[in-house]
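Colleague:
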């Protein structure tokens with residue numbers, strides 16, 4: 007433990023946030039705030055889209071990899087599941103480190119490392135090689151979301167975070183659509199290896215752009231805390247200047263029943279989410295009769311619908327449910343079960359109906375995904391938001407995505423795609439139940455949530 011603590015302190019001191027003296031809010035600062043908030047928002051959106059481009063490109067390269075090496079679905083599942091476990095562990099550890107680090111450096115290090123791993127993937131020559139380097143890629147991928155969660159909570163106040171976070175979440179779909187269309191086109195016309203090489207070059211360029219545009223906190227550019235800007239003075243006093251400790255992690259996260267409810271819901275959400283993201287091209291080709299280009303277009307439409315669904319979920323929870331994420335997440339997941347049944351039962355060679363069902367599934371999958379990140383900010387505080395999201399990601403990827411990798415591969419090999427859809431429908435319903443347990447919880451009652459949560463855990 008002492009060695010781990012020393013390593014953590016060394017990394018954190020290298021990447022630690024820059025600090026300056028607090029400053030008072032002025033009209034000039036307000037103009038600067040508007041500029042910097044917009045700059046942070048669009049830069050992090052582009053940055054995370056680049057992460058997704060060099061993560062979901064694997065799905066578009068997958069048919070070519072299988073054709074060249076003859077891997078079974080179970081063997082492909084080994085690659086997916088190994089990467090998922092590493093990603094989950096990485097989100098937990100990197101979530102903790104990101105809360106103690108400068109988001110600008112942390113974020114760019116992750117994207118650059120992921121780009122390098124993609125170059126190696128393009129030279130892959132065996133199953134073991136692909137397992138190793140795609141797992142390594144997942145470690146660097148796990149450095150993407152936690153520092154962005156830190157940036158969003160430092161630049162946007164709790165009263166607006168739902169809407170702003172949902173707008174930022176479009177980066178998932180932008181990157182996913184780019185992977186489906188761009189990487190799909192490359193794989194189809196220039197071979198599966200190009201689907202790793204070219205997106206990796208794009209990611210390197212985006213890394214340089216992020217490093218130029220992002221700043222860790224308002225203080226770093228001489229601005230007051232965002233709570234001063236948005237006149238949330240009480241919240242500023244509660245959160246400003248806090249530093250993350252292991253005790254904070256235990257008290258604010260591990261002893262918080264709301265964090266557990268949302269994390270378990272996220273676990274069951276990620277089984278179909280990663281399942282669709284990874285297996286959709288293969289499913290559409292094998293079960294629905296689509297060619298690779300058509301499958302790529304259908305996945306791109308799925309991602310466009312997901313972008314709309316994510317924005318709608320955050321906006322509705324702020325606008326109509328007083329920033330309560332539970333009701334919206336529950337409704338989305340119940341409807342998702344119906345969308346999966348529709349996609350499952352549509353006969354083969356009906357691409358328009360398949361596309362429509364995928365569109366609804368994308369809309370409904372993205373909403374709860376966005377709300378999980380927002381809820382972690384709601385139910386904790388900005389000094390631990392990276393760790394809270396890392397904890398949720400750890401559960402989702404180590405357990406949930408492990409099932410969607412090896413589990414889905416074995417289900418397809420043994421029982422076919424019908425069994426996969428039974429699994430997806432069941433997971434949607436279980437996720438809806440756990441989301442419903444947070445029905446009445448909202449960010450303005452954070453202290454009350456902690457009190458209730460901690461007393462119930464004793």
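Residue numbers (my numbering): 7 to 464. Cβ atoms here follow ideal geometry from the backbone N, Cα and C, with glycine treated the same way.
Ends of the alpha helix (DSSP H) at residue 177?
Modeller: It spans 176 to 184 - the alpha helix (DSSP H) in which residue 177 sits, taken as one unbroken run.
Colleague: How is residue 328 classed by DSSP in three states: helix, strand or coil?
Modeller: Looking at residue 328 - three-state DSSP - the assignment turns out to be coil, as it is neither helix nor strand.
Colleague: Please tell me whether residue 414 and residue 285 are closer than 8 Å, where the distance is taken between their beta carbons.
Modeller: Against a cut-off of 8 Å, the Cβ pair of residue 285 and residue 414 comes out as a contact.
Colleague: Could you tell me the alpha carbon to alpha carbon distance between residue 65 and residue 234, rounded to whole angstroms?
Modeller: Distance between the alpha carbons of residue 65 and residue 234 is about 45 Å.
Colleague: Spatial neighbours of residue 211 within its chain, please: C-beta separation below 7 Å, excluding the five flanking residues on both sides.
Modeller: Result list for residue 211: empty, nothing under 7 Å.
Colleague: Measure the Cβ-Cβ separation of residue 63 and residue 201 and say whether it is below 8 Å.
Modeller: Yes; because the gap between Cβ atoms is below 8 Å, this pair is in contact.
Colleague: Can the beta-carbon of residue 394 be found less than 8 Å from the beta-carbon of residue 382?
Modeller: Their beta carbons are under 8 Å apart, which means residue 394 touches residue 382 by this criterion.
Colleague: Taking its Cβ as the centre, do 16 or more other Cβ atoms sit within 10 Å of residue 135, making it buried, or is it exposed?
Modeller: Residue 135 should be labelled exposed.
Colleague: Looking at the structure shown, is residue 448 part of a helix, part of a strand, or coil, going by DSSP?
Modeller: Residue 448 falls in the coil class under three-state DSSP.
Colleague: Once DSSP output is grouped into helix, strand and coil, what is the label at residue 231?
Modeller: Of the three classes helix, strand and coil, the one that applies to residue 231 here is coil, per DSSP.
Colleague: Note down the Cα distance separating residue 96 from residue 392, rounded to an integer number of angstroms.
Modeller: Their Cα atoms are separated by approximately 12 Å.
Colleague: I need the straight-line Cα distance from residue 446 to residue 87, nearest angstrom please.
Modeller: Cα-Cα distance, rounded: 35 Å.
Colleague: Consult DSSP for residue 352 and reduce its assignment to one of helix, strand or coil.
Modeller: In this structure, residue 352 counts as coil in the three-state DSSP scheme.
Colleague: Taking its Cβ as the centre, do 16 or more other Cβ atoms sit within 10 Å of residue 27, making it buried, or is it exposed?
Modeller: With a pLDDT of only 40 at residue 27, under 50, the local geometry of the prediction cannot be trusted, and no value is derived from it.
Colleague: If contact is defined by three or more beta carbon pairs under 8 Å, each pair taking one atom from either stretch, is the segment 276 to 283 in contact with the segment 145 to 159?
Modeller: No contact exists between the segment 145 to 159 and the segment 276 to 283.
Colleague: Suppose you measure from the CA of residue 300 to the CA of residue 59; what does that come to, to the nearest Å?
Modeller: Computed Cα separation, rounded: 19 Å.
Colleague: Take residue 374 as the anchor and find which of 72, 396 and 316 has the nearest alpha-carbon.
Modeller: Cα-wise, what sits closest to residue 374 is 316.
Colleague: Is the beta carbon of residue 196 closer than 8 Å to that of residue 396?
Modeller: No, the pair does not count as a contact, with Cβ atoms beyond the cut-off.
Colleague: Please check the pair residue 294 and residue 354, which I expect to be a contact at CB under 8 Å, by giving their CB distance rounded to whole angstroms.
Modeller: With 8 Å as the limit, residue 294 and residue 354 qualify as a contact, their Cβ atoms being about 5 Å apart.
Colleague: Excluding five sequence neighbours on each side, which residues of the same chain lie with their C-beta closer than 7 Å to the C-beta of residue 306?
Modeller: So the list reads 183, 186 and 187, once near-sequence residues are dropped.
Colleague: Once you ignore the five residues that flank residue 174 on each side, which residues in its own chain have a CB closer than 8 Å to its CB?
Modeller: Around residue 174: 47, 50, 51, 54, 154 and 158.
Colleague: Can you tell me whether residue 326 is buried or exposed, with buried defined as 16 or more other CB within 10 angstroms of its CB?
Modeller: Label assigned to residue 326: exposed.
Colleague: Might you give, ordered along the chain, the residues of its own chain that have their beta carbon closer than 8 Å to the beta carbon of residue 321, omitting 5 neighbours on each side?
Modeller: Excluding sequence neighbours, residue 321 sits near 168, 169 and 172.
Colleague: Tell me, to the nearest whole angstrom, how far the beta carbon of residue 365 is from that of residue 430; I am working on the premise that it is less than 8 Å.
Modeller: With 8 Å as the limit, residue 365 and residue 430 do not qualify as a contact, their Cβ atoms being about 16 Å apart.
Colleague: Threshold first: 4 residues or longer. Then list the alpha helix (DSSP H) segments lying entirely within the segment 78 to 153, N to C.
Modeller: Listed in chain order, the complete alpha helix (DSSP H) runs (minimum 4 residues) inside the segment 78 to 153 are 79 to 105, 109 to 127 and 133 to 147.
Colleague: Looking only at its own chain, which residues have a Cβ that is under 8 Å from the Cβ of residue 380, when we skip the five neighbours before and after it?
Modeller: Contacts found: 167, 168, 171, 172, 320, 323 and 331.
Colleague: In this structure, does DSSP put residue 321 in helix, strand or coil?
Modeller: Residue 321 falls in the helix class under three-state DSSP.
Colleague: Give the secondary structure of residue 65 by DSSP, where H, G and I count as helix, E and B as strand, and everything else as coil.
Modeller: Note: residue 65 maps to helix in three-state DSSP.
Colleague: Buried or exposed: residue 532, going by 16 or more other Cβ atoms within 10 Å of its Cβ?
Modeller: Nothing can be reported for residue 532, as the shown portion of the chain is limited to 7 through 464.
Colleague: Beta-carbon separation of residue 342 and residue 370 under 8 Å?
Modeller: Yes.
Colleague: Tell me whether residue 261 sits in a helix, a strand or coil according to DSSP, three-state version.
Modeller: Correct three-state label for residue 261: coil.
Colleague: Between which residues of its own chain and residue 423 is the CB-CB distance below 7 Å, once the five residues before and five after are set aside?
Modeller: Taken in chain order, the residues that qualify are 289 and 293.
Colleague: Residue 311: which of 150, 180, 77 and 73 sits nearest, CA to CA?
Modeller: Nearest option by C-alpha distance: 180.
Colleague: From residue 386 to residue 114, what distance separates their C-alpha atoms?
Modeller: Answer to the nearest angstrom: the Cα atoms are 26 Å apart.
Colleague: Which one of 344, 67, 409 and 329 has the shortest CA to CA distance from residue 191?
Modeller: Checked all of 344, 67, 409 and 329; the closest Cα to residue 191 is 67.
Colleague: Can you give the Cα-Cα distance for residue 384 and residue 198, rounded to whole angstroms?
Modeller: Distance between the alpha carbons of residue 384 and residue 198: 42 Å.
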